[in-house]
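Numbering (the working numbering), first residue to last: 75 to 345.
Don't be surprised by glycine CBs; every beta carbon is placed ideally from N, CA and C.
1) Between the alpha carbons of residue 309 and residue 282, how many angstroms are there, rounded?
2) Can you check which of these residues, 322, 86 and 116, is closest to residue 290 by C-alpha distance?
3) For residue 342, count neighbouring Cβ atoms within 10 angstroms of its own Cβ and tell me buried if that reaches 16, exposed if not.
4) In whole angstroms, give me the CA-to-CA distance for residue 186 and residue 317.
5) Anyone know if the C-beta pair for residue 303 and residue 153 falls short of 9 Å?
6) Per DSSP, which one or two residues make a beta bridge with residue 181?
7) Alpha carbon to alpha carbon, how far is residue 201 from residue 149?
8) Assuming residue 315 and residue 306 are in contact, meaning their beta carbons sit under 8 Å apart, how far apart are those beta carbons, in whole angstroms?
9) From the DSSP output, read off the bridge partner residues of residue 223.
10) What residues match up with residue 92 in a beta bridge as DSSP calls it?
11) Drop a sphere of 10 angstroms on the beta-carbon of residue 235, count the other beta-carbons inside from all chains shown, and report buried for 16 or more, exposed for fewer.
12) Leaving out five residues before and five after residue 192 in sequence, what residues of the same chain have Cβ atoms less than 7 Å from its Cβ?
Here is the structure:
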């Protein structure tokens with residue numbers, strides 16, 4: 075079993091917490107865009123509160139441990155590993171509760187090149203515990219706005235985890251999928267599940283638009299988020315999102331494996 079101390083050391087050594095690669099400039103830009111309700115950073119969330127830049131900075135300092143000093147404008151961001159550990163424990167408790175009632179679960183990621191393996195291991199464990207890991211709308215076309223304009227993507231699954239890839243893209247020999255912040259894929263998946271007569275997910279696990287989009291529609295949602303993604307943390311503060319784990323979401327995929335072991339142990343899902 076991976077101890078809390080060992081995981082804390084790994085978080086710091088791997089750059090998952092402590093000083094992270096995410097730039098302060100990028101985080102502050104995201105807070106500014108969120109305050110302007112830019113859909114590129116709201117991720118499908120419709121906040122109830124009037125969140126301005128100052129309020130978002132205070133929230134992210136509370137949730138992640140970033141500097142709350144508005145005069146700190148440049149350099150690497152910081153995530154408090156203690157906040158990451160506490161959130162991972164809460165994340166594990168939600169998984170354990172889903173497993174205990176054999177709830178149907180939907181997994182989805184906007185970071186398939188980094189996080190697909192993390193979620194796939196959790197999906198496998200929940201499936202072994204008797205949960206129905208859902209794969210609705212497989213192959214469905216989703217038109218999403220990107221920096222290159224409107225592009226058609228396909229909703230696909232790998233290891234029970236949903237992701238999107240651009241239609242026509244060929245990625246032989248690489249992990250699949252496209253980086254996406256959109257909530258349109260989770261909306262398509264939920265719509266397809268409802269149209270087919272269910273079951274509907276009782277828990278959505280993921281990141282970006284998967285968590286915010288599901289939470290906005292009233293589905294219990296838990297996930298991971300970086301310091302430049304304020305939307306999940308706003309959702310958590312307002313009650314739409316159940317748990318958000320603060321960490322760097324762009325490190326190599328192998329660095330998340332100890333987190334998988336830790337979460338599965340805490341959720342009593344290790345085999």
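Based on what the coordinates show:
1) 11 Å
2) 116
3) So residue 342 ends up on the exposed side.
4) 20 Å
5) Going by C-beta atoms, residue 303 is not nearer than 9 Å to residue 153.
6) 235 and 279
7) 42 Å
8) 6 Å
9) 220
10) 153
11) Residue environment for residue 235: buried (at least 16 other C-beta atoms within 10 angstroms of its C-beta).
12) Only residues of its own chain outside the window of five on either side were considered, and among them 330, 333 and 334 have a CB closer than 7 Å to the CB of residue 192, listed in chain order.
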